[in-house]
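2 protein chains.
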Amino acid sequence: MSDVARLAGVSIKTVSRVVNDEPGVHTDTAERVLAAIERLGFRRNIGALNLRRGSSTGTIGLVLEDVANPFYSGLTRAAEEVARRHGRQVLTGSSDEDAGRERELSLEFCARRVDGLVVVPAGRRHGYLAPEIASGTPVVFVDRPPGEVEADTVLVDNVAGAAEAVEHLARHGHRRIAFLGDAPGIFTAAERLRGFREGCARAGVEFDERLVARGPEEEAAASLARVLAADPPATALVTGNNRITVRVLRALAGLPRRPALVGFDDFELADLLDPPVSVVALDPGELGRAAAELLFARLGGDSSPPRRIVLPVRLVPRGSGEVGP
Amino acid sequence: MSDVARLAGVSIKTVSRVVNDEPGVHTDTAERVLAAIERLGFRRNIGALNLRRGSSTGTIGLVLEDVANPFYSGLTRAAEEVARRHGRQVLTGSSDEDAGRERELSLEFCARRVDGLVVVPAGRRHGYLAPEIASGTPVVFVDRPPGEVEADTVLVDNVAGAAEAVEHLARHGHRRIAFLGDAPGIFTAAERLRGFREGCARAGVEFDERLVARGPEEEAAASLARVLAADPPATALVTGNNRITVRVLRALAGLPRRPALVGFDDFELADLLDPPVSVVALDPGELGRAAAELLFARLGGDSSPPRRIVLPVRLVPRGSGEVGP
DNA sequence: GATGACGATGACAACGTTGTCCAGTGATCG
DNA sequence: CGATCACTGGACAACGTTGTCATCGTCATC
Numbered sequence: 001m002s003d004v005a006r007l008a009g010v011s012i013k014t015v016s017r018v019v020n021d022e023p024g025v026h027t028d029t030a031e032r033v034l035a036a037i038e039r040l041g042f043r044r045n046i047g048a049l050n051l052r053r054g055s056s057t058g059t060i061g062l063v064l065e066d067v068a069n070p071f072y073s074g075l076t077r078a079a080e081e082v083a084r085r086h087g088r089q090v091l092t093g094s095s096d097e098d099a100g101r102e103r104e105l106s107l108e109f110c111a112r113r114v115d116g117l118v119v120v121p122a123g124r125r126h127g128y129l130a131p132e133i134a135s136g137t138p139v140v141f142v143d144r145p146p147g148e149v150e151a152d153t154v155l156v157d158n159v160a161g162a163a164e165a166v167e168h169l170a171r172h173g174h175r176r177i178a179f180l181g182d183a184p185g186i187f188t189a190a191e192r193l194r195g196f197r198e199g200c201a202r203a204g205v206e207f208d209e210r211l212v213a214r215g216p217e218e219e220a221a222a223s224l225a226r227v228l229a230a231d232p233p234a235t236a237l238v239t240g241n242n243r244i245t246v247r248v249l250r251a252l253a254g255l256p257r258r259p260a261l262v263g264f265d266d267f268e269l270a271d272l273l274d275p276p277v278s279v280v281a282l283d284p285g286e287l288g289r290a291a292a293e294l295l296f297a298r299l300g301g302d303s304s305p306p307r308r309i310v311l312p313v314r315l316v317p318r319g320s321g322e323v324g325p
Numbered sequence: 001m002s003d004v005a006r007l008a009g010v011s012i013k014t015v016s017r018v019v020n021d022e023p024g025v026h027t028d029t030a031e032r033v034l035a036a037i038e039r040l041g042f043r044r045n046i047g048a049l050n051l052r053r054g055s056s057t058g059t060i061g062l063v064l065e066d067v068a069n070p071f072y073s074g075l076t077r078a079a080e081e082v083a084r085r086h087g088r089q090v091l092t093g094s095s096d097e098d099a100g101r102e103r104e105l106s107l108e109f110c111a112r113r114v115d116g117l118v119v120v121p122a123g124r125r126h127g128y129l130a131p132e133i134a135s136g137t138p139v140v141f142v143d144r145p146p147g148e149v150e151a152d153t154v155l156v157d158n159v160a161g162a163a164e165a166v167e168h169l170a171r172h173g174h175r176r177i178a179f180l181g182d183a184p185g186i187f188t189a190a191e192r193l194r195g196f197r198e199g200c201a202r203a204g205v206e207f208d209e210r211l212v213a214r215g216p217e218e219e220a221a222a223s224l225a226r227v228l229a230a231d232p233p234a235t236a237l238v239t240g241n242n243r244i245t246v247r248v249l250r251a252l253a254g255l256p257r258r259p260a261l262v263g264f265d266d267f268e269l270a271d272l273l274d275p276p277v278s279v280v281a282l283d284p285g286e287l288g289r290a291a292a293e294l295l296f297a298r299l300g301g302d303s304s305p306p307r308r309i310v311l312p313v314r315l316v317p318r319g320s321g322e323v324g325p
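Going down the list, the protein sequences come from chains Y and G.
Letter by letter, the first sequence follows residues 1 to 325 of full-length UniProt numbering.
Letter by letter, the second sequence follows residues 1 to 325 of full-length UniProt numbering.
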């Protein structure tokens, strides 16, 4: 900036005025300054600006599990869109379901003085964010609730969704329904299993522990084999998330007779498979949007008590859940 | 920081020393300072740090077309991973194939003094980045080459891929092969069409302009109808990218007799469709990794002339391209 | 001709940090 | 006992901006 000032033969402050479109600069002077800016390729240092102004850095942080997962990339895109409407940039990071990494990313973003933080929790302890929240940085948790702190949270109705999946299968005559879910430490996995149980109870289907698998997606194929070999075997499946659904579909591809299936999370091409895969659909974009909107409402001054938004899910019957036992 | 100093009863500089693990602070003093930091929830302002140190902001910018597209989210993840290894955070933004937005994002990131920029070009003119490049900010273009500036570029072998797709279809007896591609202004679309032509020539298949569609993905279904209604009709298709492939698959789902198909870009579940979809596969992660590695090589001091890396593509025959006319 | 109003410009401090340099305080040594 | 030294701590400037206030012409007015 001082280079520009020197080249234009004015003071540094006048350059600042031109850059900020402030009034009170003679047209000729402004012209000279603009020419100098152009010639030197000057770009105002936003970091310094933020330091000086002290208010907003114009960024928000987004910590999720894995951007490459279409669920989270949809969420990311929606959040990005909202941020754009509010003139903010987005810092993203993937935690890979690692609590330490989640913490590291979140604190790093805070040290960069993001205006707010959207977090898909990997861990269950978020006390480390308490100082940030106390000092006024809004934090919104998505998809899973935080532990140790009270904060805005956007969830989906996992219980209702899983229950509905069971009831749907039961309506088509299934009595041996298996649940292939994620590791039990993950909130959504636990909730969906709870919903599965509830659905069994409501549909009058026996809940058989031998037909339940709780483990990382890598074990999905093995778990599938197990529940299909149970006695009596499972005739229908509820899969706990999009990754597991895909694994199961791949494992099922070779089998002559396939169990009925309802997957949690919708995914592209589900409707084009044979048979088309019925799912409990939830819109990742809706989650991202809701979380970001909530964040910006806080940034806009909303200081009501922390809210918990639970978005509905929707059973999309496509065929795979409609086959009888 | 001054609050911490006051609470600990030391000077602000001593706090700085503690924060930076500098030697020359008495253990008791350090302890007091750490306690104060803990109590106040102090977090060092990285913005101010960057300003002071003047060197690196520890961030890189990533401008792409749409994070929600699995191709780009895979690319993003890989770039993020490389950035992480180099201790950098990532600012992302989606341009939506809009040159103005691409420019806006890139310049915004530069104003934030990112250490480097990875850009998937939406437009064809990148002169606006010349000052940044000249002033030492490395920029790497991915998937499409830049216009107006010389810079590192990572591409895939679009021509070879499309040509191979044609030859594959020709080997299975097809003589009426259609190309459903993206808008001709997009580099990859143009290149793939060029490859398609070359493939036709090499395979001795007549290149028929009536079997070529160049348009946004929204027109894919209409274009498909057109080439299937041509006289004589297309018996095989090459689709220009993953979005178009999906649209075409959906449009084909209703039809009794399907043309053979080879899609550009691999996509999840392609192998589980009926018939499994043959594709020209390219690894988006590989693109992102290569681009990021190149960027960090530049940041590491590599000042050789701009490089152009062309990653190979791989035909993955799965069935949809092997059916005869 | 003095006064005031106004438009254009600049000097200076401050944002939160850290690098540089200097000052005190004991301890050690000759 | 004085000089030196190691160690600890602080004052100050600077990074690139902008907000505040002061300065300096110029011109119209009385």
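Using N, Cα and C, we set each Cβ at its ideal position, and we do this for glycine too.
* **chain Y within 8 Å of residue 110(G), Cβ atoms only** => Against chain Y, the CB of residue 110(G) has a partner CB under 8 Å away; the residue lies at that interface.
* **At least 3 beta-carbon pairs within less than 8 Å: the region 1-16 of chain G vs the region 287-298 of chain Y** => Contact between the region 1-16 of chain G and the region 287-298 of chain Y is absent, because fewer than three Cβ pairs lie under 8 Å.
* Step through the CB atoms of chain Y and report whether any lies within less than 8 Å of the CB of residue 45(G). => With 8 Å as the cut-off, residue 45(G) counts as an interface residue toward chain Y.
* Asked: Nearest to residue 219(Y) by alpha carbon, out of 205(Y), 198(Y), 243(Y) and 199(Y)?
  -> Comparing Cα positions, the closest option is 243(Y).
* Asked: In angstroms, rounded to a whole number, what distance separates the CA positions of residue 23(Y) and residue 31(Y)?
  -> Straight across, the Cα-Cα distance linking residue 23(Y) with residue 31(Y) is about 14 Å.
* Asked: Alpha carbon to alpha carbon, what distance is there between residue 257(G) and residue 280(G)?
  -> The straight-line gap from Cα to Cα measures roughly 23 Å.
* Asked: So what's residue 326(G) in DSSP terms, helix, strand or just coil?
  -> Residue 326(G) lies beyond the residue range present for chain G, which begins at 1 and ends at 325; the question has no answer from this structure.
* **Supposed close pair residue 311(G), residue 156(G) - CB separation, criterion 8 Å** => At roughly 5 Å, the Cβ-Cβ gap stays under 8 Å, so residue 311(G) and residue 156(G) are in contact.
* **Partner residues on chain G for residue 57(Y), Cβ-Cβ distance less than 7 Å** => Among the residues of chain G, those whose CB is under 7 Å from the CB of residue 57(Y) are 47, following chain order.
* To do: Compare the C-alpha of residue 54(G) against each of 35(Y), 47(Y) and 86(Y) and name the closest.
  => Shortest Cα-Cα distance from residue 54(G) to any of 35(Y), 47(Y) and 86(Y) involves 47(Y).
* Asked: How is residue 106(G) classed by DSSP in three states: helix, strand or coil?
  -> Looking at residue 106(G) - three-state DSSP - the assignment turns out to be helix.
* Identity of the residue in 124(G), 166(G) and 130(G) nearest residue 147(G) by Cα -> That would be 124(G), whose Cα lies nearest to the Cα of residue 147(G).
* Got a sec? Which residues, its chain only, sit under 6 Å from residue 197(G) by beta carbon, not counting five neighbours each side? -> Excluding positions up to five away in sequence, the list reads 207.
* To do: List the DSSP bridge partners of residue 196(G).
  => Residue pairing from DSSP leaves residue 196(G) without any beta-bridge partner.
* To do: Pull up the DSSP beta-bridge partners for residue 309(Y), would you.
  => DSSP lists 154(Y) as partners of residue 309(Y).
* Terminal residues of the alpha helix (DSSP H) in which residue 73(Y) lies -> Segment 70-85, the alpha helix (DSSP H) holding residue 73(Y).
* Asked: Does residue 272(Y) have its Cβ less than 8 Å from a Cβ in chain G?
  -> For residue 272(Y), the answer is yes, since a Cβ of chain G falls inside 8 Å of its Cβ.
* N- and C-terminal bounds of the beta strand (DSSP E) containing residue 255(G) -> Careful: residue 255(G) lies outside any beta strand (DSSP E) and carries neither H nor E.
* Asked: What is the rounded straight-line gap between the Cα of residue 271(Y) and the Cα of residue 39(Y)?
  -> So the alpha carbons of these two residues sit roughly 56 Å apart.
* Asked: Any Cβ of chain G within less than 8 Å of the Cβ of residue 158(Y)?
  -> So no, residue 158(Y) is outside the interface.
* Find out if the Cβ-Cβ distance for the pair residue 90(Y), residue 79(Y) is shorter than 8 Å. => In terms of Cβ geometry, residue 90(Y) and residue 79(Y) form a close pair [threshold 8 Å].
* Beta bridge counterpart(s) of residue 262(Y) as assigned by DSSP -> 238(Y) and 278(Y), per the DSSP bridge assignment.
* Assuming residue 104(Y) contacts residue 122(Y) under a Cβ cut-off of 8 Å, what Cβ separation, rounded to an integer in Å, is found between them? -> Between the beta-carbon of residue 104(Y) and that of residue 122(Y) there is about 11 Å, and that puts the pair past the 8 Å contact cut.
* Residues of the UniProt domain "HTH lacI-type" (1-53) of chain Y with a CB closer than 7 Å to any CB of chain G: list them in chain order, please. => Look at the UniProt domain "HTH lacI-type" (1-53) of chain Y: the residues with a C-beta under 7 Å from a C-beta of chain G are 41, 43, 44, 45, 46, 47, 48, 50 and 51.
* To do: Using a Cβ-Cβ cut-off of less than 7 Å, list which residues of the region 305-325 of chain Y approach chain G; keep chain order.
  => Correct list: empty, as no residue qualifies.
* Kindly indicate which residue of 19(Y), 51(Y) and 316(Y) has the alpha-carbon position closest to the one of residue 37(Y). => It is 19(Y) whose Cα lies nearest to the Cα of residue 37(Y).
* To do: Return yes when the Cβ of residue 120(G) is within less than 8 Å of the Cβ of residue 149(G), no when it is not.
  => Against a cut-off of 8 Å, the Cβ pair of residue 120(G) and residue 149(G) comes out as no contact.
* Asked: For residue 314(Y), which residues from the same chain have a beta carbon less than 7 Å from its beta carbon, with the 5 sequence-adjacent residues on both sides left out?
  -> Once the five neighbours on either side are set aside, the close Cβ partners of residue 314(Y) are 281.
* Asked: Between which two residues does the alpha helix (DSSP H) containing residue 59(Y) stretch?
  -> For residue 59(Y), there is no enclosing alpha helix (DSSP H); the enclosing beta strand (DSSP E) covers residues 59-64.
* Asked: Any idea which residues DSSP pairs residue 273(Y) with across the strands?
  -> The partner list for residue 273(Y) (beta bridge, DSSP) is empty, contrary to what the question assumes.
* Determine the chain Y residues that contact residue 65(G) at a beta-carbon separation under 8 Å, and present them in chain order. => None at all; the shortest Cβ gap to chain Y is about 11 Å.
* To do: Can you pull the chain Y residues whose beta carbon is under 9 Å from the beta carbon of residue 70(G), in chain order?
  => Listed along chain Y, the residues sitting closer than 9 Å to residue 70(G) by beta-carbon distance are 68, 70, 73 and 268.
* Asked: How about residue 93(G): is its C-beta nearer than 8 Å to some C-beta of chain Y?
  -> Yes, residue 93(G) lies at the interface with chain Y (some Cβ there is under 8 Å from its Cβ).
* **For residue 174(G) and residue 116(Y), the rounded distance between their alpha carbons** => A direct Cα-Cα distance of roughly 57 Å separates residue 116(Y) from residue 174(G).
* Kindly provide the ranges of any alpha helix (DSSP H) runs that are 4 or more residues long and lie completely inside the region 16-55 of chain Y, ordered along the chain. => If only uninterrupted alpha helix (DSSP H) runs of at least 4 residues are considered, those enclosed by the region 16-55 of chain Y are 27-40 and 46-53.
* To do: Identify the continuous alpha helix (DSSP H) that holds residue 223(Y) and give its terminal residues.
  => Where residue 223(Y) is concerned, the enclosing alpha helix (DSSP H) stretches over 220-229.
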